[in-house]
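As structure tokens, the structure follows; a few thoughts come after it.
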Amino acid sequence: MNGTEVQPRDGYDIELYGISNGSFYGIHIPAILCIVTSFTCAVATLVLSFKSNSYRTFFTSWSKGNRFVVYLAICDGLFNIAHFTDHMHIVIARSHVYPRGLCEFYAFTLAVFITAQNLLVNIVAINAFLLVRSDKNIYFGTTDWRLLLWIFGAPFVGAIIAAGLGTFGPNGTFCYFDKVKGRITQIWFTTVPILVIFVVNAVLYFLTWLKIHRQTSNINKTSGKMSTTRTTSIRSAQAMSLFVVAFFIQWTAMGVFGLWGLFVAEVPQPIHHFVVILSNTGGTLNLVVFLIIRRRRLGIWKSNTRTSSLATKNNADKSKAMTEENDKAANDTPF
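Letter by letter, the sequence shown follows residues 2 to 336 of my numbering.
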């Protein structure tokens, strides 16, 4: 009787990860630091976004890329708040989160906003692909209601069902899907969607990059010039592709963790460290993408301003020295 192993009823019956092998603080402290950095960057992204553009014209004159940045920053910020309190609670108490209802709330919040980010980046990848392939820009409806209903509504309904089934709880490291009762649910709610979205995004990213590379190469070979509409589509697709790259950086470790967990009971500790660090860098990566897009747009604006100024100057001088200007233009190399 004494040799009979007692099976755990739920995640609370499993020892908190890192306590026995001394890696407890090595997991939670880096996670907390990454979360604080991510949250700070998410707030900075929102401040810079609304400082550059009026909130009154958010749905009318803001570019789609800028709206994507805001949606991702909101997801990151809310995700960071819930995850920070979760990790801090565990670090201070050195035990699982109690009461269970609080742990389930943390888990519910993570499930919704992790899935929302993944769905949003997938839509971004699809939109970028359609832009370069057929100049088609997906219409999300007035106030982006179709997009918001999909990226927030679907995860919310799924999380409600998961909560009703009692599958949220301690996963051994933090509050998410219960290590015992939520194993199957996590596979279908997180592991499978992340892997599918990862593959789809990778394929679309490659096809988008290939299409842009071929078009620009053909233009360069023929010394031609793309139409303004086509140039705008390619630039938008390039900007959107940055979100896909950020997605790969943030969620690759989580995908590997989930895939590994399908075949073994315990995932190697280094993967745990990669997951808690990379999955908490969303706000930081989003700010980097925002700054890159902003810098490119500023460079384009300066280039257009310079071109416009030169054109104005040339028109003013044209009546005085038509022959001289024509000879000079013939010898100049386009910038």
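By construction, the Cβ of each residue, glycine as well, lies at the ideal position given by its N, Cα and C atoms.
Nearest in C-alpha terms to G23, of all of S62, R95, R57 and R10, is R95.
By the criterion of at least three beta-carbon pairs nearer than 8 Å, the region 269-283 is in contact with the region 31-44. V290 and F244 have their C-alpha atoms spaced approximately 7 Å apart. Contact annotation: the region 110-121 does not touch the region 54-64, with fewer than three C-beta pairs closer than 8 Å.
Per DSSP, P171 is one residue of the beta strand (DSSP E) stretching across F169 to P171. Counting of Cβ neighbours within 10 angstroms places M89 among the exposed residues, the total staying below 16. Proximity to L205 across L103, T86, V125 and Y13 peaks at V125, based on C-alpha coordinates. When the beta-carbon positions are compared, T46 and N287 come within less than 8 Å of each other. For F178, the uninterrupted beta strand (DSSP E) segment begins and ends at C176 to F178.
Counting C-beta atoms within 10 angstroms of its own C-beta, G102 has fewer than 16 neighbours from the protein chains shown and is therefore classed as exposed.
Here I30 has V92 as same chain residues with Cβ atoms under 8 Å from its own Cβ, once five neighbours each way along the sequence are excluded. In the DSSP assignment, W146 falls within the alpha helix (DSSP H) that extends over W146 to L149. Nearest to G170 by C-alpha distance, out of C104, R10 and W252, is C104.
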